[in-house]
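The structure appears below as structure tokens.
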Amino acid sequence: MDNCDLEKLTVSAGMLHPTFSPLLTSYKVIVPSNISKITLDLLTSDSGASYKILCGSGSMVIELKDGVNKVDIEVIAEDGTAKIYTVEVTKLSASAAELSGLEFPEGLQLQPAFATTIFEYSCTVPFNLNALTVQPKVPDSNMKVSVNEADPSDSVPLTVGDSLLEVKVSSADGTRSCIYTILITREQIPYVITFNTVKDQMEYECPVSLTAFYRPVSISGSDPKHAFSAPYIDVLTRRSKVDPLDESPLGESWKVTEYEVDRRMSAASVKCCFAYRGCEIVLKLSELGEHVTHCPHKPPSELDVKDVTDSEWYKAQSASSDSLQIETKHTLQKKIRSWEKRLQKALMEDDVDKLCHHAEEHIKLYKQRLPKSGGITLNEEGESPLDALHQVLVDYASAIKLKPRDPNLHFQLGLAFEEQYYATEIYGLKRKVEDDPQDLSSAKASGREDEILAICKLHGLHGKPTLENQLKALDAEFHQLKEQGQSARADYIQTLFIWLSKKAGKVTSSVIYSSKRCSSDGRTGVSDEESPLHQAFLKHLDAWSLNPDNWELNLYVGRFLLLQGKCKEALQHLQTALILRPSWAPTRFYTGLALLQQEGGAGSRVQEAVMYLQQGLEQLLSQQCITEQYTQERKNGLDSANLFSTVNTQLLRGCLSLGTLLKTVKCPEKTMNPEQVFHITTFSWRLRFSVADLAARSVSRCVSRGAALQQLEWTLLEAHYSLVETLLAKPRGNESWIAKRCQGLTALIRLTAIPPCRELLDMQNKVCQLGVLATPCSSHALYLLGLAQLAQYDSDPDSEQGQRAISDARLSFQASINLENMPDSGPPPEKLKTGQKWWQDWRAREKEKEKTTQQSLTAAGAAGSSSPMPAGKGATRGKGVTARGSVPTPAKASVPSRGGGTPSPRAVPMSKTTAPGSRSHGKYLVNTSLMYSIKKHRSTYPVLCTPTTFYCSFSTRWQASVVTPEKLNGASKPATKTSSKSQLAPRRSDKQECCQPPQIKPVTAEETGEAVLLRTKVEESFLSVGNITQELVPASPANSPISINRGSHTHRLGLARALSRTEDTQDQACKLYEEVITMAPEVHDAYIELADLLIKTDPLAAVDVYCKFPLKPVNEQSFDDAFITGEIVRILMKQELYEHPNLASTFIAYGKVMGLGCLEKYINILEGKYKTKLLKTIYAGIHDKSVEDQDLQEFFRFKCWI
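In numbering that gives the first Met the number 0, the protein residues as written are 0 to 1201.
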């Protein structure tokens, strides 16, 4: 009787949403634009009930108009009960253009979630996905859709960085269209990328990571284009809003996304990342991610235990009935430490399992709250990541109180303490309850730093002095103020001294952090009892004392002992862990690291240490390609539990130490065969590139500029410097590449978070010298050298070294100016050759090397004539090799190349006679005996270089194989074999360049043997990035376009700064500052520094300088602009020039940017001087009102100004 439900409700077009149910009364339907009407099909549940349509004529056929058509259906039961069902029918307009959905078949997630009215999206995909298919959905089948102007069903190829997808939808009538954009970002390939040609390697090398660009961006207006990987340029520009490479200020829209560079780079040919393990595949970069995931040559996921069990020390230990002797003596204390006791009091709970579960939940919460890479997260009080992590500490400490003999609880508490160190140092997190009264906000800290630098300047320390000199300046200022009776000011200076001393103490470990002085990082933190690292170490010791046979506890204790420099004791723990868990990569890695750090080195176990470290690095990189399940486990776990976390500087330092070792290690023939030497040489190059890449990624994660970041930056800088040295030690031809790397490294040093110190300044100076040695006629290289020399002077102006540095700096800047608009190739400028001692010392060393080399060649020739060897196989055995580890001597040519420079041969041209053991290949020579040596062992060792690849690189880089000792000594003895093709080759004219062999030194007794000979030749035949081949193009001036040095105001600004340091040259400095202002009127520094020179003798002249600055409209002015107006106000107020015509206008401009609060002290002075007219003008101008404004008049009366 009272049943008023519908049993059936359907429409003739479209579909009901949601699906019909008698209990649901509201529905929606969307129909295409070509549907003009729909028919309803209704049926009541009760045959006695009735219904009627409450729209239009009441007919079951509904006429539709564009847009929403509301249809109400009233159902009336027999007893009169009524229910209304509503159907909203939306008829799409023929001119509508929109999507109803956007999906990827791989199940990838869009950010934000799709909505019809949102047109921009982003999506992150795995690095091994090189193509995808977009599935756009349209509400009207008559609409047309395309993806990047192609059919939506087509697969869209992805670049290795950012790919922009444009989904265009057109209306049914074709009158309108709209575009939905999707930014697809592939995750970064975790391996070092080796391009197939040097040209591509140079073009696509990021100056920060020294590997291929990732999501490349360039700086607008830079010429030549300054390109970087996006994550790294974001870090650098957060520190200083200038172009890192040339220090030019960045505009509002300075960042240009280089999609075209990304596309070209993705199409470039690269070698497999496992080429050093034998993979010979060459493929497109965009396909590399998918290939390395399934490459049969990739490192095994499970390490072979025989690598450990077959070692001599393991066999000796297995044969012994005694366990390894461990020096560590530690027992669990009955008396609980005070810091642990405080944690145990924080929570009252009597169930250990509940406490552990509670801790695991807070670990997940901590990971969720952490800021994203390079970002900053603002949390409410009590909701920061450290609050969650503190609760983890409380839970585990409380569990230990209930169950003190459980080693796992102590271990977990140790991990939590170590994570606290990472949280504070990497992410800059700090709980408010633990705030130190000396710790300030970044703004206040920056203000204090500026004050300290101003005080340093008063005491003759310009630029950014070292911490030691800053403290000296503060001390001198303190005593000077005390003598003058200014106690209040002296007390404030003492506060600055204490603050800076404490800050210096916090970063001491990073300031002195160097592979030369300290083999492991964090040593200070581990020994500091209040440090989370020290507390973590004690908890790991507690856990180990309860279970000394646990491999994991021995591993962690050994790792912390390495941090403290207790290498012998650490090795005992690590070898115990390795015996218990021989297949675990971290145990091998840290054991190898401990072997290298033993007093006297690894000794006879060097090959074992190299193997362990290599396996560890390979596992570290392979960890980036792990399964989704493992990724989720890491996502919810602590970084401290991941011994291969890249924020672990100890890990990266170990890799860098190995790379440095492999550059210089001399392995006897009895220890390693030739292929193993080749393998190590190639691996050493890749290792240092991997360290630079991983360190750059870790730096981009850091938010805080604390000690951990500084240690990571030291690692990055040293990896860079090592690779620059390696490239410089190769034969000539890489000058532009060396200069590019030196420029990038100089930028990193200039923008580093490491406080100024002698070691950093020395590295900057050396890098800039290397850049000048590579390109002595480069105006920019000389400018960078001048900056480094000026910094050397500023750090110690009164020393003899400082005086020489300021003299050299002026010569460098002047040379850079003189070379403007001239070719960047040619003979070195006179101001470099005759004026700078370091250059003269270098030339003296080179001449001494040449003399020694000639003596060696004479001896080698005599030995060759007295002990002839058969031609062909082994013909070059025992021959001298190119000197390593020093700047190569430029080869002399009969005719200089264009621009007067020394020619840089790119290939070895054929001569009339070929050397023994060589054969012709077209116009080039190949050393067949060396190829044979590599090919001979292919069956017993992974293929590292095919004969073809070796030919290409060898024939272009190593020239000693085409020169016999007889030829070098002028002997006329003919070669054993002559190439028929070379006899037909035309004789070179006098205008063509000739190629000289590299310098050769005698082989020492310990270096004799096939292994060393092969190693040396392989090093010379490969560039620092591995087996990258050069194009076989004969050297010719026409192949190298001439580059012109550009004119720049920065060169003059540098010279002006150098001249301003001494009183007798300050007049010259003023003229140069004026020249800079004319060339670049927007550069603030020129005005500020020129005014500083004038203000002591002529304050009004300083005001005139500031007034020349082209101020923007007030609403566009920056804080730097406000500094200019603020200085004008300060000077005029100090001189009491209240009627100066520029005072009121600059007051107003300054107040509008900085606010009235910054003017308070000046306003009080003006009130005391009864300058009410000026005050009224200032207030009215700041508020953009007339002086006669009624509200202002009332305020003026209140202030008694009228």
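Positions of the beta carbon are idealized from the N, C-alpha and C atoms, including for glycine.
Asked                                                                                                                                                                : Found
Give the list of continuous beta strand (DSSP E) stretches no shorter than 3 residues that lie fully inside the segment 733 to 769.                                  : none
Compare the C-beta of residue 35 with all C-beta atoms of chain D and state if any pair is closer than 9 Å.                                                          : Looking for chain D here will not work: only one protein chain is present.
Can you tell me which of the three DSSP states residue 615 falls into?                                                                                               : helix
Would DSSP call residue 839 helix, strand or coil?                                                                                                                   : helix
Please classify residue 1196 as buried or exposed, where buried requires at least 16 neighbouring CB atoms within 10 angstroms.                                      : exposed
Please classify residue 1063: is it buried, with 16 or more other beta-carbons within 10 angstroms of its beta-carbon, or exposed?                                   : exposed
For residue 616, which residues of its own chain have a beta-carbon under 7 Å away from its beta-carbon, when the five flanking residues on both sides are left out? : 654, 686 and 689
If you check the beta carbons only, do residue 770 and residue 738 fall under 9 Å apart?                                                                             : yes
Taking the beta strand (DSSP E) that residue 7 belongs to, which residues open and close that run?                                                                   : 5 to 10
Quick one: give me the first and last residue of the alpha helix (DSSP H) that residue 721 is part of.                                                               : 706 to 727
Give a yes or no on contact between the segment 74 to 86 and the segment 33 to 51, applying the rule of three or more CB pairs nearer than 8 Å.                      : yes
Considering only residues of the same chain and omitting the five flanking positions on each side of residue 865, which have a CB-CB separation below 6 Å?           : Confidence at residue 865 is low in this model, with a pLDDT of 48, below 50, so the placement of that residue should be treated as unreliable; the coordinate-derived value is given next. Correct list: empty, nothing qualifies.
For residue 1145 and residue 1162, I'd like the C-alpha separation in whole angstroms.                                                                               : 14 Å
Let me check one thing: in DSSP terms, what residues is residue 1205 bridge-paired to?                                                                               : Residue coverage of the chain in this structure runs from 0 to 1201, which leaves residue 1205 outside it and unanswerable.
Between the Cα of residue 369 and those of 330, 319, 423 and 126, spot the shortest distance and give me the residue it belongs to.                                  : 423
Ordered along the chain, which non-local residues of its own chain (more than five positions away) have a Cβ less than 7 Å from that of residue 793?                 : 460, 461, 462 and 464
Report all residues from its chain with a CB closer than 8 Å to the CB of residue 414; omit the five preceding and five following residues, and keep chain order.    : 535, 637, 639 and 640
Quick check on DSSP: helix, strand or coil for residue 136?                                                                                                          : strand
Mapping the DSSP letters down to three states, classify residue 1108 as helix, strand or coil.                                                                       : coil
Is residue 100 helix, strand or coil by DSSP?                                                                                                                        : strand
Just mark residue 234 as buried or exposed, buried being the case when its beta carbon has 16 or more other beta carbons within 10 Å.                                : buried
Helix or strand or just coil, what does DSSP make of residue 33?                                                                                                     : coil
Indicate whether the contact test is met: 3 or more Cβ pairs, each with one atom in the segment 353 to 364 and one in the segment 385 to 402, closer than 8 Å.       : yes
Tell me, to the nearest whole angstrom, how far the beta carbon of residue 835 is from that of residue 818; I am working on the premise that it is less than 8 Å.    : That pair is no contact at about 15 Å.
Given residue 57, which residues of its chain have a CB within under 8 Å of its CB, disregarding the five upstream and five downstream residues?                     : 51
Contact between the segment 88 to 99 and the segment 165 to 174 is defined here as three or more beta-carbon pairs at a separation below 8 Å; is this criterion met? : yes
In whole angstroms, give me the CA-to-CA distance for residue 146 and residue 181.                                                                                   : 10 Å
Quick one: what does DSSP say residue 105 is sitting in, helix, strand or coil?                                                                                      : coil
Just the C-alpha distance for residue 1053 and residue 1083, rounded to the nearest angstrom, thanks.                                                                : 14 Å
Pick out whichever of 25, 8, 21 and 1142 has its Cα sitting closest to the Cα of residue 39.                                                                         : 8
Would you say the segment 1150 to 1167 touches the segment 1125 to 1132, given that touching needs at least three Cβ pairs under 8 Å?                                : yes
Please name the residue, chosen from 260, 719, 698 and 704, that lies closest to residue 711 on a Cα-to-Cα basis.                                                    : 698
What would DSSP say about residue 296, mapped onto helix, strand or coil?                                                                                            : coil
Using DSSP with H/G/I as helix, E/B as strand and the rest coil, what is residue 308?                                                                                : helix
How far does the alpha helix (DSSP H) with residue 806 in it extend, from its first residue to its last?                                                             : 799 to 817
Alpha carbon to alpha carbon, how far is residue 597 from residue 567?                                                                                               : 6 Å
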